[in-house]
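First to last, the protein sequences are chains L and H.
Numbering follows UniProt numbering, with no gaps: position 205 of the first sequence is 205.
Numbering follows UniProt numbering, with no gaps: position 103 of the second sequence is 103.
Backbone N, C-alpha and C fix where the C-beta goes; we use that ideal spot for every residue, glycine too.
In what follows, a single structure is set out as structure tokens and then discussed.
There are 2 protein chains.
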Amino acid sequence: MSPARPDSASVAAPAARGTHATIHDVARVAGVSVASVSRVFNGRDHVRAEMRARVEQAAAQLGYVPHAGARSLSMARTGAMGVVLPDLHGEFFSELLRGMDREASRRGLGLLLTVLHDGRGLDTLAALRGQVDGLMVMAPELDPAILARHMPRGLASVFLACIPQDGSPSLRIDNRAGAAAAVAHLAAGGAKRIVHISGPAGNLDALERRAGAEAAAAAAGVALTVIEGDFHEGSGAAVGESVAAGTLEADAIFAANDMMAIGALMALKRHGVAVPGQVAIVGFDDIPLSRLVSPALTSVAIDIAAMGARAVAQLAARITAAREGFLESTSTGADETIVPHLMVRETTRETDRG
Amino acid sequence: MSPARPDSASVAAPAARGTHATIHDVARVAGVSVASVSRVFNGRDHVRAEMRARVEQAAAQLGYVPHAGARSLSMARTGAMGVVLPDLHGEFFSELLRGMDREASRRGLGLLLTVLHDGRGLDTLAALRGQVDGLMVMAPELDPAILARHMPRGLASVFLACIPQDGSPSLRIDNRAGAAAAVAHLAAGGAKRIVHISGPAGNLDALERRAGAEAAAAAAGVALTVIEGDFHEGSGAAVGESVAAGTLEADAIFAANDMMAIGALMALKRHGVAVPGQVAIVGFDDIPLSRLVSPALTSVAIDIAAMGARAVAQLAARITAAREGFLESTSTGADETIVPHLMVRETTRETDRG
DNA sequence: CTGAAAGCGCTTACAG
DNA sequence: CTGAAAGCGCTTACAG
């Protein structure tokens with residue numbers, strides 16, 4: 001209705017300056033109703049070939065692209081899934097996202113990333129309503145009650161490596177079993193005094209790994225000293241330094257993740273301590289890097305990408321179920337537990353090069 | 001209007017089953033207009049304290065959360081930025097996302113991820129209109145013309161490491177300078193026959209790095225043989241094997257990225273070739289891993305996270321400019337070039353341990 | 001097969 | 001300060 005800028009010489013310019021053509025513009029140019037334009041673009045209903053041609057013509061001429069936001073409002077479906085992760089770094093997250101993306105893009109779904117910088121970001125979760133169809137939440141550090149309080153009510157969700165709230169399915173790593181396998185392996189290799197570098201207190205994965213390590217150590221009758229780390233290389237290095245200096249006695253180290261294990265490994269090497277000759281090492285996660293350090297790191301492996309893909313599949317199932325009316329109280333989609341396995345490499349076995 | 005399910009005993013249940021309370025529900029319960037509810041939640045206009053209290057009461061009682069989709073439709077602002085990346089893996093991407101997230105969450109913005117699996121996914125780009133406020137696109141492998149054809153018209157965007165289309169600003173790495181520095185460093189260290197493991201043909205970064213390497217080799221008067229790789233560890237390993245076998249003569253290797261450099265390094269070590277004693281190695285990117293392999297890899301460093309953060313900042317500026325009416329033809333936000341620097345480590349310098 | 005109209009859940013001039 | 005109404009750009013029963 002507003003007069004077109006006279007200096008705009010282009011064909012059938014859309015309404016305002018800089019603005020996109022809308023479905024109304026296309027309808028007007030094609031001389032049909034907006035309903036028909038919608039039908040042509042969604043292709044479910046039947047439309048006459050001539051109508052289709054005219055609409056497609058007009059759309060091409062105007063450079064029309066449907067507005068995803070408007071569409072999702074009227075269809076009550078956004079085509080995106082929210083991913084809520086703790087502060088991201090390292091290969092664990094790129095692997096997880098990679099797996100999620102693989103499955104999501106197969107289904108034509110987008111991924112909306114939200115990072116929780118230790119707690120901050122929680123309030124943005126509720127704001128995700130209407131922006132995503134569901135949520136995948138990984139928050140191993142968070143008090144479940146706090147997390148629960150911030151979850152947008154009624155939004156389908158699946159929890160990764162943290163305790164599920166409502167009937168939401170969860171994907172859990174069997175941390176106990178993995179840690180126990182690591183310690184049993186070290187004991188079988190002759191270790192007598194194992195140091196466990198744990199994850200930060202309050203982290204669920206960390207707690208479970210520690211419990212598994214303690215159980216296995218008790219079962220094998222070997223000593224286990226726990227030193228709290230923070231999942232970063234530095235805290236592993238500190239332990240390595242202590243062991244090299246003799247402050248801390250150990251013939252084996254089991255770290256709650258690979259980065260700490262690698263930190264310890266580097267520190268020991270720096271001080272000329274033979275690995276695994278004098279001190280054997282096992283990590284957890286089996287990030288791609290573990291294979292590349294030398295000696296290559298023995299680690300408890302989980303298929304991180306597969307876990308991401310499973311999370312997407314579970315969430316998709318849950319969204320469908322919700323749409324078809326099954327209420328949320330029913331736990332749709334059973335929980336899944338991922339059982340890790342030990343990747344034995346050079347840090348736990350004598351190699352022929354001294 | 002539809003009769004509430006009689007078995008639902010909960011207080012003031014929202015309209016349909018499983019459905020969220022809307023702004024209308026809150027307005028009804030609070031006994032005010034929807035406009036007032038909106039004002040309370042947006043807090044720009046003045047509202048009486050008593051009104052505010054009643055609305056907040058009602059909202060809390062109903063568990064009301066504003067619908068982001070509806071909001072963004074009427075405000076023409078989604079609060080999300082689209083990130084378009086090539087198939088993601090490795091630390092480069094987690095670093096980039098980390099940097100983007102840092103800046104985006106500071107601004108209260110979300111990140112919507114779209115991965116281009118070599119070309120597939122391009123058609124989903126247009127569908128992003130109305131779902132994000134702007135786009136950050138990294139597509140070094142794509143024909144710029146093809147990319148241009150698929151870009152949603154009129155959506156603000158910034159290009160990373162690829163040629164900008166319209167007046168969109170771009171963030172470029174000075175690949176030539178970085179590669180030249182690497183080769184000059186090798187030549188200065190005494191290398192006479194350098195093998196360059198390039199990235200895949202058609203990749204812009206790869207082309208530029210190669211060009212920089214060739215120029216520097218010519219300038220230094222040393223021989224440079226180019227072998228095409230694919231940016232993955234395996235192709236670097238293959239070159240390492242050839243060098244170890246003597247099929248390929250080289251006293252230095254410059255790889256177009258770190259993963260290939262590490263592949264070569266591992267292969268050489270496996271065959272007992274001394275690094276850097278017999279063959280020196282330089283990589284590109286300086287991913288965190290480079291520091292951890294042994295000997296630690298000399299590499300051309302770029303601050304990847306900072307680059308991600310800059311992209312977000314540039315895009316934000318561009319979105320603001322577009323909103324305030326500066327037309328897209330004007331190139332808002334100057335291009336930025338990031339100059340890498342050489343991180344010298346053990347693969348190019350004799351260490352005291354033989 | 002096609003169109004007029006209502007509706008998705010918000011925001012925001014426009015009047016009071 | 002507050003409310004009624006129009007509008008954001010789509011989709012989808014409902015009639016024809």
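*Do you know offhand how far H/Val312's Cα is from L/Gly90's?*
21 Å
*Chain-ordered chain H contacts of L/Ile262 [CB-CB under 7 Å]*: Leu292
*Any Cβ of chain H within less than 8 Å of the Cβ of L/Pro144?*
no
*Got a sec? Which residues, its chain only, sit under 8 Å from H/Leu327 by beta carbon, not counting five neighbours each side?*
Because the pLDDT of H/Leu327 is 49, which lies under 50, any placement of that residue in the model is unreliable, and the number read from its coordinates should be weighed accordingly. Answer for H/Leu327: no residue qualifies.
*How long is the line joining the alpha carbons of H/Ser72 and H/Val132, rounded to whole angstroms?*
10 Å
*Inter-residue Cα distance where the pair is L/Ser157 and L/Ala322*: 11 Å
_I'd like to know whether the C-beta of H/Val65 is nearer than 8 Å to at least one C-beta of chain L._
yes
_I'd like to know whether the C-beta of L/Val275 is nearer than 8 Å to at least one C-beta of chain H._
no
_Are the CB atoms of H/Asp118 and H/Asp143 within a distance shorter than 8 Å?_
no
*Decide if L/His271 is buried, meaning its Cβ has at least 16 other Cβ atoms within 10 Å, or exposed.*
exposed
*asked:* With a threshold of 7 Å on Cβ separation, who are the neighbours of L/Phe41 within its own chain once the five nearest residues in sequence on each side are excluded?
replied: Pro66
*Proximity to L/Ile227 [Cα-Cα], best of L/Pro200, L/Asp251, L/Ala220*: L/Pro200
*asked:* Please determine whether the Cβ atom of H/Val195 lies at a distance below 7 Å from any heavy atom of the ligand ZN.
replied: In terms of ligand content, the structure shown is empty, and the ligand ZN therefore cannot be addressed.
*Is the region 272-279 of chain L close to the region 197-217 of chain L, with three or more CB pairs under 8 Å?*
no
*Under three-state DSSP, which class holds L/His185?*
helix
*Roughly how many angstroms lie between the CA atoms of H/Arg176 and H/Gly212, to the nearest whole one?*
4 Å
*Residue from L/Leu155, L/Arg318, L/Glu95, L/Thr347 with nearest C-alpha to L/Asp303*: L/Glu95
*So, helix, strand or coil for H/His196, using DSSP?*
strand
*Please go through the same chain and pick out, in chain order, the residues whose beta-carbon is closer than 7 Å to the beta-carbon of L/Arg310, but skip the five residues on each side of it.*
Leu171, Glu336
*Excluding five sequence neighbours on each side, which residues of the same chain lie with their C-beta closer than 6 Å to the C-beta of L/Val239?*
Ile197, Ile227, Ala264
*To the nearest angstrom, report how far apart L/Ile146 and H/Ser235 are at their CA atoms.*
48 Å
*Spatial neighbours of H/Val29 within its chain, please: CB distance less than 8 Å, with the 5 preceding and 5 following residues excluded, ordered by chain position.*
Ala12, Ala58, Gln61, Leu62
*Candidates H/Glu249, H/Lys269, H/Ala237: which alpha carbon is nearest H/Ala255's?*
H/Ala237
*Short Cβ contact (8 Å threshold) for H/Gly79 with H/Gly108*: yes
*Going straight from the alpha carbon of L/Phe92 to that of L/Leu297, what length do you get?*
16 Å
*asked:* Can you give me the C-alpha to C-alpha distance between L/Pro120 and H/Arg44, rounded to a whole angstrom?
replied: One point to set straight first is that residue 120 of chain L is Arg, not Pro, in the sequence displayed. Answer to the nearest angstrom: the Cα atoms are 24 Å apart.
*asked:* Less than 8 Å between CB atoms is the rule here; does H/Phe93 satisfy it with respect to chain L?
replied: yes
*Distance, Cα to Cα, H/Pro288 vs L/Val243?*
25 Å
*With burial defined as no fewer than 16 other Cβ atoms inside 10 Å of the residue's Cβ, what is the status of H/Gly246: buried or exposed?*
exposed
*What is the rounded straight-line gap between the Cα of L/Ala184 and the Cα of L/Ile253?*
12 Å
_With a threshold of 8 Å between beta carbons, is L/Ala127 in contact with chain H?_
yes
*asked:* Assuming L/Arg129 and H/His20 are in contact, meaning their beta carbons sit under 8 Å apart, how far apart are those beta carbons, in whole angstroms?
replied: 7 Å
*Any idea if L/Ser294 is buried or exposed, counting beta-carbon neighbours within 10 angstroms, 16 or more meaning buried?*
buried
*Beta-carbon of H/Ala216 versus every beta-carbon of chain L: anything under 8 Å?*
no
*On the three-state DSSP scale, how would you describe H/Asn257?*
coil
_Does H/Glu324 pass the burial test, meaning 16 or more other C-beta atoms within 10 Å, or should it be called exposed?_
exposed
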